[in-house]
Every structure is written in structure tokens, then in C-alpha cells.
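Visitor: Using the UniProt record's numbering, the first residue of the sequence shown is number 1, and each one after it goes up by one.
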Amino acid sequence: MALGGQVAVSTAEASGGAVIDSMDCMQHELTGNDDSSTNQVALPFGVNFYGTSFEHLWVNNNGNVTFDRSLSTYTPFGLAGTSAQIIAPFFADVDTRAAGSQTVRYGWGNTTYEGHRAFCVNWVDVGYYSGHTDKLNSFQLLLVNREDSASAGDFDIVFNYDKVQWESGDASGGSAGLGGNSAVAGFSNGSGLDGTSYELRGSAVNGAFLDSNTSGLTATSTDSTVSGRHVFRVRGGNAPLTQYVALGDSFQSGEGAGAYLPLTDVNGNKCHRSAYAYPRRLVDAGVVTLNLDFGACSGAVINDLAVSYNPNQPPYTDGIAQLDRLSSSTKLVTLGIGGNDMKFAEVLESC
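(1) Run through the UniProt domain "NIDO" (89-239) for me and flag every whole beta strand (DSSP E) of 3 or more residues, listed as ranges in chain order.
(2) Using the three-state DSSP reduction, which class does Asn310 fall into: helix, strand or coil?
(3) Considering only DSSP beta bridges, list what Gln243 is partnered with.
(4) Grab me the residues of Ser70's own chain with a C-beta within less than 7 Å of its C-beta, minus the 5 sequence neighbours each way, in chain order.
(5) Do Arg97 and Gly32 have their C-beta atoms within less than 7 Å of each other?
(6) Could you check what DSSP says for Ser36 in three-state terms: helix, strand or coil?
(7) Which residue or residues does DSSP assign as beta-bridge partners of His56?
(8) Check this for me: beta carbons of Asn181 and Gly190, under 7 Å apart or not?
(9) Suppose you measure from the CA of His132 to the CA of Thr112; what does that come to, to the nearest Å?
(10) If you pair each beta-carbon of the stretch 107-127 with each one of the stretch 138-151, do three or more pairs fall below 8 Å?
(11) Please indicate yes or no: does the CB of Thr289 lie closer than 6 Å to some heavy atom of the ligand GTP?
(12) Examine the Cβ distances between the stretch 159-169 and the stretch 216-225 and report whether three or more of them are shorter than 8 Å.
(13) Just how far apart, CA to CA, sit Gly153 and Gly51?
(14) Out of Asp68, Ser224, Tyr316, point me to the one whose CA is closest to Cys271's CA.
(15) What are the boundary residues of the alpha helix (DSSP H) that includes Leu30?
(16) Does Gly336 come within less than 7 Å of chain B when only Cβ atoms are used?
(17) Only counting the same chain, and skipping five residues up and downstream in sequence, which positions put a Cβ closer than 7 Å to that of Ala14?
(18) Less than 6 Å between C-beta atoms, sequence neighbours within five positions excluded: which residues of the same chain meet that for Gly207?
(19) Count the other CB atoms, across all protein chains shown, that sit within 10 Å of the CB of Ile337; report buried if there are 16 or more and exposed otherwise.
(20) In this structure, what does DSSP give as the bridge partners for Val65?
(21) Can you look up Asn267 in the DSSP assignment and give me helix, strand or coil?
(22) Anyone know if the C-beta pair for residue 365 and Asn64 falls short of 7 Å?
(23) With H, G and I counted as helix, E and B as strand and the rest as coil, what does DSSP make of Phe251?
(24) Where does the unbroken alpha helix (DSSP H) through Arg281 begin, and where does it stop?
(25) Hey, how far is the Cα of Leu323 from the Cα of Gly286?
(26) Would you call the CB atoms of residue 379 and Ala306 closer than 7 Å?
(27) Taking the straight line between their C-alpha atoms, what separation do you get for Val231 and Asn312?
(28) Quick one: using the 10 Å Cβ neighbour count with 16 as the cut-off for buried, is residue 352 buried or exposed?
(29) Confirm, please, whether the CB-CB distance from Ala296 to Ser253 is below 7 Å.
(30) Excluding five sequence neighbours on each side, which residues of the same chain lie with their C-beta closer than 7 Å to the C-beta of Thr66?
(31) DSSP three-state call for Leu71: helix, strand or coil?
(32) Hey, how far is the Cα of Tyr128 from the Cα of Asp68?
(33) Tell me whether the beta-carbon of Thr82 lies closer than 7 Å to the beta-carbon of Ser188.
(34) With C-beta atoms as the reference, is Tyr244 less than 7 Å away from Val288?
Written as C-alpha cells, this is what we have:
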């Protein structure tokens, strides 16, 4: 099964990593600081982000850009409940004052991605608060104009990561750049409504984004064949597709594997969704870098997929039919019925 589209390497990319090496990304400088931002920056093209068109933004030192106002907050917050209209490749306490840190740079012009114009922000070799440079991070944001698409304002969000050695600053509970309130990556339109925000898996989890983690940001990818590159396509103002929906029966739910998720091994609900089932393991291993909506239910048959409630058999008290989990945010679906009956469990040990 396909896990997403492939992204061609730009001709501007010469570094060999995910970060695109373009002089136009260095055009403008946010001088060395702790929690500062640029003045309002005019974009070279308009973007339609969750139905609102923007032609300006602020570049914030702490690993993000915002459309509604500058942001000096240094301890990362969850993006689902924020009022900020934000795109954040690595929201954490960046400190570029020390001699060993580079400054934040941004620009546009000849910067291209897949042949399309891109607005570029570089946080390359940046340190963390307070003035530490023993560990450095290198990451990049591209907002790519997709004038070849059907709707005005269509664009791609591209997060590129070459090096992630630290995850938090001293004032965010970190020690030597580790632990505390760890970095958050993703985006939000600030409404707080369902389906209007997304966080990369591992956000706010100690150690999850680091190079020392085999499923960290530089080791994984989204909609790209380049390690460290995470691509999200915004079309017609609609949210990028960020959801993986896993549907099916006992084999998909993980019947017999134990470690069942809360409320799926109680009286009235024996869907038995296991932390060891392949949908959960695909996501945990970073093979699929999407939000998992785990709907498979032990004992389900084809007819059960459209049933929202049955107290005696699948879907029990789930309150939602498996097929109703599909939405405009769904990017990947896996569906299996009859796996155990065909004795897949005796021959398939890993996925």
C-alpha cells in the first residue's frame, strides 16, 4: 500500500540533507536575540490557510512564523487549543545571542522547491536558552507557492531538518538542552476547532524529536523520500491531510496481543485495540507519520463497519461507525477483514 506521494529534490538543494541550500534564504537577518521577532514581513505570494488568505507574516526567533501577530513565547504550548495562527517547524526556546550560534535568516527570490517559488526561513546551527551552543539545531521552513493547482492561494508547508541536538531551553525546564517542556512542531489556524490544527508525532515528548532517536525528525519523513523532510499540502484552503484511519477486525485491532487501549477492554466494549497491533506499531516506529484514528474492532465483519452502536457485538459502545471515522483530513486508510480466519497471525510477525 502507498504511504504517501513522493517529493522530487529541488535543484536548489545542494547540501545533501533535507535543508535546501539557497542564498536567497539568507537574504534577511533577524539579529542575534532570545525571544524577538521580525516586523511584519510581506510574502511574495498569498496563501490560503484554512480558508483565510494571508499576504504577510512574522518570523519569530523561537522556531515558528505567525500570521496574526508576533510571538515571543518561548515555552512551547499545544497547538490544538491556541488562538495563534501559527506554522511551527520547531517551537522551542531558540537563543541566537552567543558567538557559537548562527542567526535566523529568511528570504525569497530564486529559492525554489519542485520548480515553484518558495518563501524560506532558516534556523541553521542555532543554540538554545540561555546562550548555550554545546548543542545546535538546523531546521528550515518553506512555504511553497503552488500556482499550478486549481485554487488561488494553494501552497505547500515544508519542514526540513538536518540536525536536532536539543529540545528545550533552561527556562522551559530543560537541562543541557534536554527534558523539560520539549519542542512542538505543527500548525494551527487558531480557532480551536476540530480539524484546524496538527502536531507532528512526538511533539512535547522528551527525546522524541532528537537525532539520538531512530524515529526523530531527521530520521523520518512525511510525503517525501528525503529523510528529515515533512511536506503538507494545503489545497483550496483545506487542512493538509494528516490522519491515518485503521479499520477492520480482530487481526487489525490486535486481539490476543494484550496492552489494550483504555475503554476497549471493559464490559460493553471488547474491541480490544492493542498498543501492539500493526496500526499502532506503524505509527510508533515512525513508518507512518500521521495521526492515528484507531477504529478496528475485534470480531467485526463487513456489515459492522457501518454500524454505530450494538451493545452485544462490534462496535459495542464505541458510538461511531468505523466508516464514519473517514473525513476530509484522512490521508491513509488500512482495512482488513478475515485476517485471523485466514491464519495470517501464524505467518505474519512484523510489518
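We treat Cβ as the ideally placed atom computed from N, Cα and C, and that holds for glycine.
Guide: Quick answer:
(1) 104-107, 116-128, 132-145, 155-164, 184-188, 197-199, 229-234
(2) strand
(3) Asn291, Thr330
(4) Short of 7 Å from the beta carbon of Ser70, and not among the five residues preceding or following it, lie these beta carbons of its own chain, in chain order: Ser37, Trp58, Asn60.
(5) Their beta carbons are under 7 Å apart, which means Arg97 touches Gly32 by this criterion.
(6) In the structure shown, Ser36 sits in coil (DSSP, three-state: anything other than H, G, I, E or B).
(7) His56 is bridged to Ala42.
(8) no
(9) 33 Å
(10) yes
(11) Inclusion of the ligand GTP in the displayed structure is not the case, the ligand content being empty and no account of it being possible.
(12) yes
(13) 10 Å
(14) Tyr316
(15) From DSSP, Leu30 is part of no alpha helix (DSSP H) but of the beta strand (DSSP E) over 28-30.
(16) Judged by its chain identifiers, the structure shown contains no chain B, having just a single protein chain.
(17) Because the pLDDT at Ala14 is just 39, under 50, the model does not fix this residue reliably, and the value given afterwards should be weighed accordingly. Leaving aside the five residues that flank Ala14 on each side, the residues in its chain whose CB is nearer than 7 Å to its CB run, in chain order, Asp21.
(18) Asn213
(19) buried
(20) Val59, Ile87
(21) Correct three-state label for Asn267: coil.
(22) What is shown of the chain runs 1 to 351, which leaves residue 365 out entirely.
(23) helix
(24) 278-284
(25) 25 Å
(26) The structure shown does not extend to residue 379, since the chain spans only 1 to 351, so no value can be given for it.
(27) 43 Å
(28) A question about residue 352 goes unanswered here, because the residues of the chain that appear run from 1 up to 351.
(29) yes
(30) Leu57, Trp58, Asn60, Ala84, Gln85, Ile86
(31) coil
(32) 25 Å
(33) yes
(34) yes
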